[in-house]
Amino acid sequence: MGPIGENEFFFLMQGLKWTVLLAIVGFIGGGIFGLLIALLRTSQKKPARTITAGYIGIFQGTPLLMQLFVVYYGVALLGIEVNAWIAVAIAFTLHASAFLGEIWRGSIEAVPKGQTEAANALGLHYVSRMKDVILPQALKISMPATIGFLVQLIKGTSLAAIVGFIELTRAGQIISNQTYRPLLVFGIVGAIYFIICWPLSHAGSGLEKRMAKAAR
Amino acid sequence: MTYTFDFGAVLDRAPELLWASFGTLGLSLAGMLLALVIGILGVVARTSKSDITRTLVIVFVEVVRNTPFLVQIFFIYFALPLMGIRLNPTVTAIIALGINGGAYAIEIIRGGVESVSRGQIEAGFALGLHKADVFRLVVLKPALRAIYPSLTSQFIMLTLTTSVCTSIAAYELTSAAQRIESDTFRSFEVYFTVTAIYLVISTLMMGLFALVSRRYFNYPTR
Chain A
1 MGPIGENEFF FLMQGLKWTV LLAIVGFIGG GIFGLLIALL RTSQKKPART ITAGYIGIFQ
61 GTPLLMQLFV VYYGVALLGI EVNAWIAVAI AFTLHASAFL GEIWRGSIEA VPKGQTEAAN
121 ALGLHYVSRM KDVILPQALK ISMPATIGFL VQLIKGTSLA AIVGFIELTR AGQIISNQTY
181 RPLLVFGIVG AIYFIICWPL SHAGSGLEKR MAKAAR
Chain B
1 MTYTFDFGAV LDRAPELLWA SFGTLGLSLA GMLLALVIGI LGVVARTSKS DITRTLVIVF
61 VEVVRNTPFL VQIFFIYFAL PLMGIRLNPT VTAIIALGIN GGAYAIEIIR GGVESVSRGQ
121 IEAGFALGLH KADVFRLVVL KPALRAIYPS LTSQFIMLTL TTSVCTSIAA YELTSAAQRI
181 ESDTFRSFEV YFTVTAIYLV ISTLMMGLFA LVSRRYFNYP TR
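These protein sequences, in sequence, are chains A and B. For the record, in the first sequence the residue sitting at position 51 is 51 according to the UniProt record's numbering, with numbers rising by one throughout. For the record, in the second sequence the residue sitting at position 197 is 197 according to the UniProt record's numbering, with numbers rising by one throughout.
This is the structure in structure tokens:
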């Protein structure tokens, strides 16, 4: 057995950096495409609704790990020289956009119909109706679920370890193999995830309770 | 682009994929059952008079829900042998899936139980219903109906999570995919096919759950 010293801890922190970066890229990329998905999913055009429904269904009906593998090898097939980091970031963006798209679709539909009708009556066109009337209200409704998904995404980045990406979990695995202290190392790794995720979960459920009270 | 797809190499291994699909279904079914048992026990324990018991359940739920399944399965895989328990990867995977799903089930079931209001129960008694009938018709059925959507989508999530059990070499679809990949070098084709199989499994499960829901919970509430 080896000791867990400064070097090992530094290595874990290096892994943590990639975990956080992956989560941020996935969340921002997923947010941008997710908004597009949500708008298409709630549009008047049936083909747009059908295609986005299929997109969401595929990503919600298959394991994230498989999505990582398919994108990882699929991007390589396109003949583009990409490193693992970009392939994994693309996969997380696609994954997050499907889930955020579905969450935001629900929120857009939860905004009372009268709001859309009032905006129409005022002569607002689609962009203004969405940007100024519907989306601000939908954003507020979606906050608890959006934060909940962010926690899922942060935990999901651990799967990048299986395609050979050195983030927090993979760093822990490497140190565990070097030091023969799996319980201590995975205990520390788990604790780091907990420290990041727990406050977020707490904020999400707190918001949900406050909104439930306000609605009553 | 000069790549030519070759799904033939993957289709040659169809029997293996079929058996591995049963492995995935078996893992998820056993995981679901264990999660349900942990969920019910957890909800009962949360109503305990002992502060320690209640706190332990809350800590269990929070820790499991805020750490990745991959870290949990590694922890369990290495912790059990230290306690003198040597189990094969499949049983270890079921325990990990059950613990993970159980933490979510506790929260879902608790919400359902709390949703049945006191007045409903009193109304049931006032109508002259028997105690067993009040439990079955006034408490259980509405509570089940309330938790059914979240519980079943959690179960589908659990089925998709079984793929991570490949990390401890449990027998299921993803580990079969990795085996076939290393034999054929047809990475994309293998993972594409297996992803499609997962989609079929989760879609069938969704359909089955919806069918059950229509059969048992298809009555107006107000």
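Glycine residues also receive a C-beta, built at the ideal position from the N, C-alpha and C atoms. Source: prediction; values computed, not measured.
Between which residues of its own chain and residue 84 (chain A) is the CB-CB distance below 6 Å, once the five residues before and five after are set aside?
As a first step, residue 84 (chain A) is located in the first sequence; it is residue number 84 there, counting from the start. Within the same chain, residue 84 (chain A) has close Cβ partners 165.
Taking only beta carbons into account, state which residues of the segment 39-65 of chain B come closer than 9 Å to chain A, listed in chain order.
Within the segment 39-65 of chain B, the residues whose Cβ lies closer than 9 Å to any Cβ of chain A are, in chain order, 62, 63, 65.
Helix, strand or coil for residue 124 (chain A) per DSSP?
Counting from 1 along the first sequence, the entry for residue 124 (chain A) is found at position 124. Three-state result, residue 124 (chain A): coil.
Are any of the Cβ atoms in chain B nearer than 9 Å to that of residue 151 (chain A)?
For this step, residue 151 (chain A) is matched to residue 151 along the first sequence. Yes, its Cβ sits closer than 9 Å to a Cβ of chain B.
Please state if the CB of residue 35 (chain B) and the CB of residue 87 (chain B) are separated by a distance shorter than 9 Å.
What you label residue 87 (chain B) is simply residue 87 of the second sequence in a count that begins at 1. What you label residue 35 (chain B) is simply residue 35 of the second sequence in a count that begins at 1. Against a cut-off of 9 Å, the Cβ pair of residue 35 (chain B) and residue 87 (chain B) comes out as no contact.
Could you tell me if residue 112 (chain A) is buried or exposed, where buried requires 16 or more neighbouring beta carbons within 10 angstroms of its beta carbon?
The sequence position of residue 112 (chain A) within the first sequence is 112, counting from 1. So residue 112 (chain A) counts as exposed.
Own chain partners of residue 93 (chain A) with C-beta closer than 8 Å, once the 5 adjacent residues on each side are dropped:
Indexing the first sequence from 1 puts residue 93 (chain A) at position 93. Apart from sequence neighbours up to five positions away, the residues of its chain that approach residue 93 (chain A) with a beta-carbon distance below 8 Å are 25, 26, 29, 30, 33, ordered along the chain.
Using DSSP with H/G/I as helix, E/B as strand and the rest coil, what is residue 77 (chain B)?
In the second sequence, residue 77 (chain B) corresponds to position 77, counting from 1. Here residue 77 (chain B) carries a helix assignment [DSSP, helix/strand/coil].
Can you look up residue 114 (chain B) in the DSSP assignment and give me helix, strand or coil?
The residue you call residue 114 (chain B) lines up with position 114 of the second sequence. In this structure, residue 114 (chain B) counts as helix in the three-state DSSP scheme.
Is it right to say residue 13 (chain B) is buried, meaning 16 or more other beta carbons lie within 10 angstroms of its own, or is it exposed?
As a working note, residue 13 (chain B) is residue 13 in the second sequence. Classification for residue 13 (chain B): buried.
I need the DSSP call for residue 12 (chain B), collapsed to helix, strand or coil.
Your numbering for residue 12 (chain B) matches position 12 in the second sequence. For residue 12 (chain B), the three-state secondary structure derived from DSSP is coil.
Between the CA atoms of residue 203 (chain A) and residue 30 (chain B) - distance to the nearest angstrom
Residue numbering aside, residue 30 (chain B) sits at position 30 when the second sequence is read from its first letter. Residue numbering aside, residue 203 (chain A) sits at position 203 when the first sequence is read from its first letter. About 33 Å.
Span separating the alpha-carbon of residue 159 (chain B) from that of residue 196 (chain B):
Within the second sequence, the letter at position 159 stands for residue 159 (chain B). Within the second sequence, the letter at position 196 stands for residue 196 (chain B). In a straight line, the C-alpha of residue 159 (chain B) is about 14 Å away from that of residue 196 (chain B).
Where do the ends of the alpha helix (DSSP H) carrying residue 163 (chain B) lie?
The sequence position of residue 163 (chain B) within the second sequence is 163, counting from 1. First-last for residue 163 (chain B): undefined, no H or E at that position.
Any idea what DSSP makes of residue 43 (chain A), helix, strand or coil?
Looking up residue 43 (chain A) in the first sequence gives position 43. In this structure, residue 43 (chain A) counts as coil in the three-state DSSP scheme.
If you count every other CB in all the chains shown that lies within 10 Å of the CB of residue 246 (chain A), and 16 or more means buried, which is it?
Examination of residue 246 (chain A) is not possible in this model, given that chain A is present from 1 through 216 alone.
Report the neighbours of residue 3 (chain B) on chain A: residues whose CB is nearer than 7 Å to its CB, in chain order.
To locate residue 3 (chain B), count along the second sequence from 1; it is residue 3. Chain-order list of chain A residues neighbouring residue 3 (chain B): 77, by C-beta distance under 7 Å.
Please list the terminal residues of the continuous alpha helix (DSSP H) segment that includes residue 139 (chain B).
For the purposes of this step, residue 139 (chain B) is identified with residue 139 of the second sequence, where counting begins at 1. No alpha helix (DSSP H) contains residue 139 (chain B), which DSSP labels as neither H nor E.
Indicate whether the contact test is met: 3 or more Cβ pairs, each with one atom in the segment 159-179 of chain A and one in the segment 136-150 of chain A, closer than 8 Å.
Result no; under three Cβ-Cβ pairs closer than 8 Å.
Spell out whether any CB of chain A is found under 9 Å from the CB atom of residue 121 (chain B).
On the second sequence, residue 121 (chain B) is found 121 positions in, with the first residue counted as 1. False, the Cβ-Cβ gap to chain A never drops below 9 Å.
Beta-carbon separation of residue 89 (chain B) and residue 171 (chain B) under 9 Å?
As a first step, residue 89 (chain B) must be located in the second sequence, where it is residue number 89. As a first step, residue 171 (chain B) must be located in the second sequence, where it is residue number 171. Cβ distance < 9 Å, so residue 89 (chain B) and residue 171 (chain B) count as in contact.
Should the segment 92-106 of chain B be regarded as contacting the segment 166-180 of chain B, the criterion being three or more beta carbon pairs within less than 8 Å?
Verdict: yes, contact present.
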